[in-house]
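> Chains as they are written, first to last, in the numbering used here: chain G, 8 to 359; chain Z, 6 to 343.
The structure is given below, and queries will be raised subsequently.
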Amino acid sequence: MTGAGQAEAGTAASRPFLAVEDLRVTFSTPDGVIKAVDGVSFSLRRGQTLGVVGESGSGKTAMSLALLGLQTGRTARVSGHIRLDDEDLAAAPKSRVRELRGSSMAMIFQDALSALHPFYTVGWQIAEAYRAKTDATRKQARARAVEMLGRVGIPQPAQRADDYPHQFSGGMRQRAMIAMALSCEPELLIADEPTTALDVTVQAQILELIAGLQAELHTAVILITHDLGVVAEAAGETLVMYAGRVMEHGSTEQVFAAPQHPYTWGLLGSVTGLNRPRRERLAAIPGAPPSLIDLSPGCPFQPRCRFEDRTGGLAATARPELREASGGHWVACHLPDPDRAAIFAAEVQPAL
Amino acid sequence: MTSPAVSGPAVGEPAGELLRVHELVKHFPADRGVVLRRAAGRVRAVDGISFTMRRGETLGLVGETGCGKSTTGRMLAGYLPATSGQVTFDGTDLAQARRADGRRLHREIQMIFQDPYSALNPRHTVGTIIGAPFRYQRITPPGGIRRRVQELLEQVGLSPEHYNRHPADFSGGQRQRICVARAIALSPKLVIADEPVSALDVSIQAQIINLLTDLRDQQGMAYLFIAHDLSVVRHTSDRVAVMYLGKIVELADNELLYSRPRHPYTRALLSAVPIPDPRVRKERLQLAGEPPSPLNPPSGCRFRTRCWKAQEICATTEPLLAGQDARHQVACHFPEAP
């Protein structure tokens, strides 16, 4: 995987291919309004991979569904701008978004067994998706399905195309879903925890496959995961989300080598990487993520933050805005930059 | 390990031995046909594994989906009968002891499951759930069940006021704490933890791992820690056993396994774990394909179909778990040099 090379490779088109500005997704419930995504902005160029890291309830999936125009529930409200190749999807009619979905943008889900229909063969489902977006005949679509299954590494694709999803193993189902998502050569691929349900050896195969196809098709990829190891290996840029907001955003090198936000520090301390010295105790983050209904006016991470007392009370009262801490490295934290650097060097890094 | 009081020297002196598993086998019948069922073979989920555990020791049992690690845990906990093999627990034969007094064994061997959502009855209160082992065993702890349950709640990092709440009021991490409290309620000698943190968020995983470590340091129980990848087990285990298709392929002290893996599969498994540091670029030993079916495992060494070192002997002769160093055993004809 070429995390480092991706940024340069994407400069062919200097304008961002996808630009998201102040995206908000809210759900009204009897208990109050849930702010699942709360003002997220980022941009992405062709051929680039953005890793989105966050825990359950951080808004990663709500965000990706909104990008694809799939937040259609009656209680869901989406606002902000989603510019795909200079077309604002948030303002576009549903029919137009539907047209783009599948052809220009596609998604891979975590659970391939529930994303595939159990009553139809895998090949039929891929062909069906292809025919919906192109003028291909049944025969052409079938040939395309077999070709795609071969490209994602299914052995004997012509025969396996006639199998049903339950006859595929977990890794093969994920491959089939990737084949379906990429059958129309989309320019934007959103992969929502594509390897979480898989074994590590199969995960390595699938990540390699996505990277290979991405290099070939020059696709922009949003890789959503809770696994920092996956991000470190596969993404050129990293976005850390917490409680629906962006906490930190920068190149993957920046985020891992000089993490800025106390939440990122906590995540890095919690993981059990094989490159770390072995420890009896891990540096866990105390507490649990907040409810998204009654968020405090301050920083959402404040109740769990070890350093919130060093912000002069700001963390509890004012929402930190995302600012640029150093070139291309953004952080939403009230700690002054020099303090943050000093805390990281003195109190956090030695424990990692 | 930094707690010498709990974990002694590397190899088990018989006195400190808690569990001895000898050639444990579990085959499930596989049927074909909906109306007329006929036997189509046997799924060799666990196919002859042997290991020992000392008191207070944590043994990591690692392998991928379908390797038989959970089946092993379930057999030891008494949820599944073994097809054959012998298990000695605390000096007595486990199968005999279970027939004689199964209830007593539940006091000594407890289990923690992967999914804390399905492991707790949603209609029961936390107090009922954690108090159940006492009622089932007809034990009244000093001060009464209620007081003991509230102590346990505090011990696992919850509050005594949670006694009358229901599981739905708790997050995944808190539910796993409830499961842990129930498992340790009767001070068992062995806790089988089947992927106890796999369903939890990263920041919560670390909390539960720390909790399990603290409890072991306080109470000295042994853990069989089942996991699907090698990174979690590294921080928790004294020794690690790697399983592939129903067999243990490598069994070694923690440091030895991670610094000098000897079985090709262990090496591949280690190299597949993504490293949370973009500056580290490692050579990956990519395994081709997927594990063969346990219905019809390959002859000889089961890993040979995916192994880059395989030769003729691997197809004809099954390698046995062996090694001159008792702290590091490997089942391979061509292992890496120690």
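Idealized CB from N, CA, C, for every residue including glycine.
Quick check: Ala204(Z) and Val207(G), are their CB atoms within less than 7 angstroms of each other?
Contact flag unset, no.
> With a threshold of 16 other CB atoms inside 10 Å of the CB of Phe118(Z), please say whether the residue is buried or exposed.
Phe118(Z) is buried by the Cβ-count criterion.
> Along the region 189–210 of chain Z, where does the CB come closer than 8 angstroms to a CB of chain G? Name the residues.
From the region 189–210 of chain Z, only Asp206, Val207, Ser208, Ile209 and Gln210 have a Cβ closer than 8 angstroms to chain G.
> Helix, strand or coil for Arg145(G), going by three-state DSSP, please let me know.
Three-state result, Arg145(G): helix.
> Indicate whether at least one CB of chain G lies closer than 7 angstroms to the CB of Pro283(Z).
So, interface residue.
> Flag Asp234(Z) as yes if its beta-carbon sits less than 7 angstroms from any beta-carbon of chain G, otherwise no.
By this cut-off, Asp234(Z) is an interface position.
> Helix, strand or coil, according to DSSP, for Thr128(G) in the structure here?
It is coil, neither helix nor strand.
> In whole angstroms, give me the CA-to-CA distance for Ala11(G) and Asp282(Z).
Any reading at Ala11(G) must be qualified, since the residue scores a pLDDT of 42, below 50, and its modelled position is unreliable; the value itself is stated next. About 12 angstroms.
> Tell me whether Gln334(Z) sits in a helix, a strand or coil according to DSSP, three-state version.
DSSP places Gln334(Z) in strand when its eight states are reduced to three.
> Where does the unbroken beta strand (DSSP E) through Lys31(Z) begin, and where does it stop?
Residues Glu22 to Arg37.
> Use the C-beta contact count for Asn259(Z): other C-beta atoms within 10 angstroms, 16 or more gives buried, fewer gives exposed.
By the 10 Å Cβ count, Asn259(Z) comes out buried.
> For the region 261–287 of chain G, which residues have a CB atom closer than 9 angstroms to at least one CB atom of chain Z, in sequence order?
Flagged, chain order: Val262, Phe263, Ala264, Tyr270, Gly273, Leu274, Leu275, Gly276, Ser277, Val278, Thr279, Gly280, Leu281, Asn282, Arg283, Arg285, Arg286 and Glu287.
> Using DSSP with H/G/I as helix, E/B as strand and the rest coil, what is Gly294(G)?
DSSP places Gly294(G) in coil when its eight states are reduced to three.
> In angstroms, rounded to a whole number, what distance separates the CA positions of Leu326(Z) and Met80(Z)?
Going by the C-alpha atoms only, they are around 21 angstroms apart.
> Taking the alpha carbon of Glu331(G) as the reference point, which residue from Gln356(G), Arg313(G) and Ser258(G) has its own alpha carbon closest?
Cα-wise, what sits closest to Glu331(G) is Ser258(G).
> Just curious, the alpha helix (DSSP H) that Gln181(Z) is in, first and last residue?
Gly177 to Ile189 is the extent of the alpha helix (DSSP H) around Gln181(Z).
> Which chain G residues sit within Cβ distance under 7 angstroms of Gly178(Z)?
Chain G residues near Gly178(Z): Ala295.
> Show which residues of chain Z have a CB atom less than 7 angstroms away from the CB atom of His88(G).
Chain Z residues near His88(G): none, gap ~30 angstroms exceeds 7 angstroms.
> Rounded to whole angstroms, what is the Cα-Cα separation between Ser277(G) and Leu235(G)?
Each residue's alpha carbon lies about 10 angstroms from the other.
> Residues of chain G with a CB under 8 angstroms from the CB of Glu288(Z): which are they?
Neighbours of Glu288(Z) on chain G: none; closest Cβ ~12 angstroms, over 8 angstroms.
> Is the beta carbon of Gly294(Z) sitting closer than 7 angstroms to the one on Arg311(Z)?
Yes, the pair counts as a contact, with Cβ atoms nearer than the cut-off.
> Measure the CB-CB distance between Ala173(Z) and Ile135(Z) and report whether it falls below 7 angstroms.
Not closer than 7 angstroms, so no.
> Is Gln334(Z) close to chain G? Criterion is C-beta to C-beta, closer than 7 angstroms.
With 7 angstroms as the cut-off, Gln334(Z) does not count as an interface residue toward chain G.
> Threshold first: 4 residues or longer. Then list the alpha helix (DSSP H) segments lying entirely within the region 327–353 of chain G, N to C.
Listed in chain order, they are 344–350.
> When DSSP labels each residue in this structure, what does Phe339(Z) get in the three-state scheme?
Coil.
> Give me the residue from Val85(G), Gly109(G), Ser110(G) and Arg108(G) with the minimum Cα distance to Ala98(G).
For the residues Val85(G), Gly109(G), Ser110(G) and Arg108(G), the minimum Cα distance to Ala98(G) belongs to Val85(G).
> How many angstroms separate the CA atom of Ala10(Z) from the CA atom of Gly225(Z)?
In this predicted model, Ala10(Z) has a pLDDT of only 42, less than 50, meaning its place in the structure is not dependable; the value taken from the coordinates is given anyway. Approximately 9 angstroms between the Cα atoms of the pair.
> Which residues in chain G sit within 9 angstroms of Gln291(Z), going by Cβ to Cβ distance?
Neighbours of Gln291(Z) on chain G, chain order: Thr208, Ala211, Gln212 and Glu215.
> Assuming Leu29(Z) and Gly90(Z) form a contact by the criterion Cβ under 8 angstroms, report the distance between their Cβ atoms to the nearest whole angstrom.
Confirmed, Cβ separation roughly 4 angstroms.
> So, is the C-beta of Pro23(G) closer than 7 angstroms to a C-beta in chain Z?
Closer than 7 angstroms: no.
> Between His171(Z) and chain G, is there a C-beta pair that is closer than 7 angstroms?
Not one chain G Cβ lies under 7 angstroms of His171(Z).
> Rounded to a whole number of angstroms, what is the C-alpha to C-alpha distance between Ser176(Z) and Gly294(G)?
Straight-line Cα distance between these residues: approximately 11 angstroms.
> Mind checking Val237(Z): buried by the 16 CB within 10 Å criterion, or exposed?
It counts as buried.
> Determine, using beta carbons only, whether Gly236(G) comes closer than 7 angstroms to chain Z.
Judged by the 7 angstroms Cβ criterion, Gly236(G) is in contact with chain Z.
> Going along chain Z in order, which residues have a C-beta closer than 7 angstroms to the C-beta of His233(G)?
Residues of chain Z passing the Cβ test: Asp206 and Val207.
> May I have the straight-line CA-CA distance separating Arg47(Z) from Thr76(Z), to the nearest angstrom?
For Arg47(Z) and Thr76(Z), the distance between alpha carbons rounds to 15 angstroms.
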